[in-house]
Amino acid sequence: MRKTILALAVCGVLALALTGCETRSISDSGYRGEYYGRPYGSGENPLYKGELSEMDILGAAPKAEATEENIHKAFESAQMAALKRGDKLMLIQSGAMVPDDAMLEEANHYFAIAPFSGVPPTDKNGLAGSLRLRAAQGGYRFILCYWGVLESAQRDQEGKAVSWVPIVGGLVPDQKQQMRIRLKGLLLDVLTGNWKMYTPESYSDEKYNSSWNREARDQQLVLALKQKGYRALLDAVLTQ
Numbered sequence: 006m007r008k009t010i011l012a013l014a015v016c017g018v019l020a021l022a023l024t025g026c027e028t029r030s031i032s033d034s035g036y037r038g039e040y041y042g043r044p045y046g047s048g049e050n051p052l053y054k055g056e057l058s059e060m061d062i063l064g065a066a067p068k069a070e071a072t073e074e075n076i077h078k079a080f081e082s083a084q085m086a087a088l089k090r091g092d093k094l095m096l097i098q099s100g101a102m103v104p105d106d107a108m109l110e111e112a113n114h115y116f117a118i119a120p121f122s123g124v125p126p127t128d129k130n131g132l133a134g135s136l137r138l139r140a141a142q143g144g145y146r147f148i149l150c151y152w153g154v155l156e157s158a159q160r161d162q163e164g165k166a167v168s169w170v171p172i173v174g175g176l177v178p179d180q181k182q183q184m185r186i187r188l189k190g191l192l193l194d195v196l197t198g199n200w201k202m203y204t205p206e207s208y209s210d211e212k213y214n215s216s217w218n219r220e221a222r223d224q225q226l227v228l229a230l231k232q233k234g235y236r237a238l239l240d241a242v243l244t245q
């Protein structure tokens, strides 16, 4: 009985310490939180309509073509051409009208970039073939589509217990925010349809904040992690 009570007490302390957990797309990464109990930054991007899927980029194989013979042939010919510095690359961030500035800035160091929309269309029929055709018409041999999520948790700090005066208390760091970014990228050879998936190292960071600067601290973490993650993804693509 005493062990049960102790376990419940520990769970209660952990529940109080952990004030929030969330996962958000890199394409809808605005701040979500409260400011003295009122919504402060919705984080909702009005242009965000969801994500593309891998099959939106690769295309679904017709059932008639998914034969054992064709599967073996595809496996034997699954050879990706090497993507090199200076190559022309169609770049798509799933869920975003254009890739993030941090990605564009990093990618432009390595490739000739054509940023394309990653907002999923209402009708996805023929999307994969259309992307390959448009890339070919522009002379782009490769398409890189990438996805990402930001996972975060906030833990109350001791400062919160003494922040009993609202104006003063808002200046006391009373919360530690922990955040992690996880990315994956799909590189598609426009000419052959062959592809390769990349999952670079995940990065995490944390910052202390108060009610006055939660949004600013949150977005600083978002930007710092995106820069690290995008650099790691591009490094992985180049060292294939």
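Going letter by letter, the sequence shown gives residues 6 to 245 in the numbering used here. Ideal Cβ placement from N, Cα and C applies to all residues, glycine included.
- Three or more Cβ pairs closer than 8 Å define a contact, and the stretch 83-91 falls short of that threshold against the stretch 51-65.
- DSSP lists Y151 as the beta-bridge partner residues of Q98.
- Scanning its chain for C-beta atoms nearer than 7 Å, with the 5 sequence neighbours on each side dropped, one finds around S207 the residues R185, I186 and R187, in chain order.
- A65 and L226 have their C-alpha atoms roughly 37 Å apart.
- Contact between L193 and F147 holds: CB atoms are separated by about 7 Å, below the 8 Å threshold.
- Proximity to Q142 across V195, P67, A237 and G55 peaks at V195, based on C-alpha coordinates.
- If you draw a straight line from the Cα of F116 to the Cα of D33, it comes to about 26 Å.
- If you look at I31, you'll find it isn't in any alpha helix (DSSP H); DSSP assigns it neither H nor E.
- In the three-state reduction of the DSSP assignment, D210 falls in the strand class.
- In this structure, C150 lies away from L94, with their beta-carbon atoms at least 8 Å apart.
- Rounded to the nearest whole angstrom, the C-alpha separation of D128 and G144 is 26 Å.
- When rounded, the separation of the alpha-carbon atoms in N75 and A69 is 10 Å.
- No Cβ-Cβ contact shorter than 8 Å links K181 with E156.
- D105 is positioned such that its CB atom lies closer than 8 Å to that of I31.
- In this model, A119 and A158 are separated by some 35 Å (Cα to Cα).
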